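Working notes for the structure below.
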Amino acid sequence: MDNTNLADIKEDLDNLEQQYLTFRLSDQDYGIPILEVQEIKGWTAVTPIPNSPHFIKGVLNLRGTIVPIIDLRLRFNLERKEYDQFTVIIVVNIAGKLAGLVVDSVSDVVNASNEQHCEAPEFEGQLNRQFIEGLVQFDEKLLILLDISKLADIDDLTDVSADQDPGTVPEEN
Amino acid sequence: MVIDLTQFHQTFFEESLEALSDMEAELLRLDSQMSGRRFSDEFKANNESLNIIFRAVHSIKGGSSTFGFEVVANFSHVLENLLDDIRENRCKTTRDLISILLQSCDCLRTLVQNAQNGINTLPTDINDFQIKLEKLRGTNCAVPLDRRKNIRSIDNFNDSKTGWNISFTPNRDMLSTGNDPVRIIRALTQLGKIRSILNINSLPSWKNINPEDIYLSWDIDFFEPIKKSMLENVFSWVEDDCVLNIIQKKDPQKSSTSKSGQYIDTNADTMVPAPGASGNGLEVQSIRVSTPKVDALVDLVGELVITQTMLSQFSEEITPESIEKLQLGLSLLERNTRELQESVMRIRMLPVGFALNKLPRIVRDVSQKLGKNVKLDISGEGTELDKSVIESIGDALMHIVRNSVDHGLESPAERIKAGKPETGTIHVQASQKGGSVVITIEDDGSGLKRDLILKKATEKGLVAEDANLTDEQIDNLIFIPGFSTASQVTGVSGRGVGMDVVRTRISELSGNVEVTSKPGTGTKLTLRLPLTLAIMDGLCVKVGSQVYIIPLLSVIESLSVPEQEISRPAGGSELVPFHGEYLPFLKLHELFKLNTAVKNTSDGIIIIVEAESKKIGLLVDEIVGQQQVVVKSLETHYKRVEGVATATILGDGEVALILDISTLTNLVNHKHHQGHTLKEAS
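This is the structure:
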């Protein structure tokens, strides 16, 4: 195989653009791969599940299937916010399992190539780095790309965020 | 082109197992005609029954040799020979013989199941049995049968001079249908001794030969005087793809070579496998649905489409006058939907006979082993139940019936002494009552021996020495894990795993089991099972702003109890009086951490529920109503939640959780509870 050819392919891959759905959560923009999004719906009341973690709001009837709803603010230990007309549920499909994510609002669909990604720096904050896929500079703003499969893994909900108590330095590293 | 025969294997296995069930049922019918007689007595077996048995074995033999399961083919061949002897009155029919035939039925089933699992060897015990079977025929060939030459020689027992001349000319394209003349001739050799003459007259020159065509024909001398239909059966796969002529030998020396005429069907009995009327205990993945059920479904969908069209027409021009029509349409739609739902559910329903048809065999074997005379009386086997329920109750039923024969019924001598008929009766009855199916198993034996049960339970520390138990409570001790009264472990029962397993199994299906017993007159077990697991009747209750569903089968009563009637013995638990008993109760709002105005029993309602014969109360705010709910899984997208069985969707589209009553009762009855809390779902 020709080495230059390989390099070309790699370059192509790097330039490959992926689409991300962006949403807001406490004045910060986040993005998730659009291929993992099944649908977006407005906030409707859910049925609480007894003795479940606090960020599981409950379950919702999505045309006959019962889908758990996760409040991303609570998942990230952000402060609770009253739900309003902008509050939406993003229904994601991770390996056949559905989950709804409650976010403040959805913003846009953006294209970002792998080239634009930069590694998540070590920073102090509420969010554990294992949930972050990368960062993208977009329209002068920082977009945090999330690894949705870890966020909404129902069987592994105990690993919440880096710090259980917001405001302290993450123990990691 | 070669057709891959393996695609038919599954069908062959299913049909073979069904044929074996038919055979077993027929043998048992023969046996029951003989009940009360001595096992060595000879009797005249009903020809029709024998034919059914023969057909079953024959179709297994045919299929297995076609698909190359030689071990199965050989065994069924030996069995078929024996059956043929019985049919031709060359062999005494006795109950002992029927026992042997039943055993061979088991062996054959094992072999078929082995073949299904890819094992194509002959287990030694079955080999021994096969040799025993051959000896029974009075032939001296006690040699292992997996050598086919020996089987053929066994067939040489008859010195009759007449045999058959077979002329067999396959059509050129027979190979394209997946049939191989060599395999057919090989199958013939299994029926008896043959001499085949290959005819190569029509073989073209090498240049013109097409390797996928057959240019050969055979003239076969078949020396055995067997039924013509048996020969025809060998060719049944290819009867449309060949010119076949089977002529009886007039004289063994002169062979007829007539080739005229197509295959002529005489009025010989045809060897078709018996229709699969009865099932087998195997977990089959497919459901056979009767055509009327499907037709009903198609009709309903048609009506639904019409109603839908009607409604959409009205919606285009809504005027005050059309409101009435709209309402009419909606009520039609409602009826259609309900009927459609019922029909769809009915597809999953199977007659409960599928689970009951294993019982006669158990009763026969166990009673024979114990020297008791037992008559099994089954009624209501047409009652329909959900397929998954039927599959799960088979073992439980077998266990109960086995117990009845072993512990319930007395020996003939004891029965005569007690002034009862020598033959004991076990009556199994299935019937539908409301939304559930009730199966009762009743024997006319000695009843539960309460003193023995109590003694045993005390010995094992299951009840306190000084406990003062009612008869009913004592009877229910048999459901406690690790309890078994059989004074010695027999091969039949008494291994200490008993009725508790039955109860667990039935509870898993959200059913329940009860026992009632009268000393000296018998014991009766009642199983109550839901018709289906997909839809259930539920009681909707409200706690705070939430609606929960309690399965109606578990609900006993609801009561309103003033706060001052609640007893609070030391230890923090609260008890509610209920028909002379005091029952613990759970406050659902505390358990589920909900906000509600109803904090005490005066304001709310207590629902008495029962699971695994433990009763508890549940305090709720109010009862909303009773309705049929469609069960939806929580685990598909979430996971199991402690205290919650499944979920459902209410009329307004909201999700309501269905409570898991057995978890809740166990929570209360747990000895070391520190207040009642559910396991935190992490």
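Chains as they are written, first to last, in the numbering used here: chain A, 1 to 173; chain B, 174 to 855.
Cβ coordinates follow ideal geometry from the N, Cα and C atoms, glycine included.
Just so it is clear, the structure is predicted and the values come from calculations on it, not from any experiment.
CA-CA distance, A152/A to L506/B, rounds to 39 angstroms. Comparing C-alpha distances from M709/B to each of I722/B, K697/B, N344/B, I778/B shows the shortest one belongs to I722/B. Checking the DSSP bridge columns, you'll see W337/B partnered with F395/B, Q421/B. In the structure shown, H572/B adopts helical secondary structure according to DSSP, grouped into three states. Around the beta carbon of Y30/A, 16 or more other beta carbons lie within 10 angstroms, which makes this residue buried.
Around G42/A, no beta-carbon contact reaches into chain B at under 7 angstroms, the shortest distance being about 14 angstroms. 7 angstroms or more divides the Cβ of G695/B from the Cβ of D776/B.
In this structure D794/B is not in contact with V828/B, their Cβ atoms being roughly 19 angstroms apart against a cut-off of 8 angstroms. Of the residues E39/A, T22/A, H117/A, the one whose Cα lies closest to the Cα of I94/A is E39/A.
Within the region 65 to 93 of chain A, contact with chain B at the beta-carbon level (separation under 9 angstroms) is assigned to T65, I66, V67, P68. Taking a beta-carbon distance threshold of 7 angstroms, K715/B does not count as an interface residue toward chain A. In this structure, the beta-carbon distance from E385/B to L348/B falls below 7 angstroms. Under the Cβ criterion (8 angstroms, minimum of three pairs), the region 546 to 559 of chain B does not count as touching the region 642 to 657 of chain B. The Cβ of K97/A sits closer than 7 angstroms to at least one Cβ of chain B. Nearest CB-CB separation between I822/B and chain A: below the 7 angstroms threshold.
Along the region 803 to 827 of chain B, going in chain order, the ones with a CB nearer than 8 angstroms to a CB of chain A are K805, S806, L807, T809, H810, Y811, K812, V814, E815, G816, V817, A820, I822, G826, E827. Contact between V46/A and I90/A is absent: CB atoms are separated by about 14 angstroms, not below the 8 angstroms threshold.
For K628/B, the closest alpha carbon among the candidates S609/B, S222/B, D648/B is that of D648/B. Where M347/B is concerned, there is no enclosing beta strand (DSSP E), because DSSP gives it neither an H nor an E.
Taking C-alpha positions only, Y811/B is separated from P53/A by approximately 13 angstroms. Think of a sphere of 7 angstroms around the beta carbon of F765/B: the chain A residues whose beta carbon falls inside it are P50, in chain order.
The C-beta distance from V601/B to L529/B rounds to 6 angstroms, short enough to meet the 8 angstroms contact threshold. Non-local beta-carbon contacts of S516/B in its own chain, meaning distances under 8 angstroms to residues more than five positions away in sequence, involve K466, A469, L470, L473 in chain order.
Between the alpha carbons of R588/B and L642/B lies a distance of about 29 angstroms. A contact between stretches requires three or more CB pairs, one per stretch, nearer than 8 angstroms, and the region 577 to 594 of chain B fails this requirement with the region 737 to 754 of chain B. A direct Cα-Cα distance of roughly 45 angstroms separates W410/B from P703/B. Relative to the Cα of F341/B, the nearest Cα in the group R537/B, T836/B, E412/B, I382/B belongs to E412/B. C-alpha of S733/B to C-alpha of F758/B: approximately 13 angstroms in a straight line.
At a cut-off of 7 angstroms, the C-beta of N111/A has no neighbouring C-beta in chain B. Residue environment for L274/B: buried (at least 16 other C-beta atoms within 10 angstroms of its C-beta). Leaving aside the five residues that flank S26/A on each side, the residues in its chain whose CB is nearer than 6 angstroms to its CB run, in chain order, L78. A Cβ-Cβ distance of about 14 angstroms is found for the pair E747/B and I781/B, leaving them out of contact under the 8 angstroms criterion. Going by DSSP, C280/B is part of the alpha helix (DSSP H) stretching over 268 to 289.
The beta-carbon distance between I271/B and D204/B, rounded to whole angstroms, is 5 angstroms. This is short enough to meet the 8 angstroms contact definition.
In the DSSP annotation of this structure, the continuous segment of the alpha helix (DSSP H) that includes L74/A starts and ends at 72 to 75.
It is roughly 42 angstroms from the alpha-carbon of V88/A to the alpha-carbon of G684/B.
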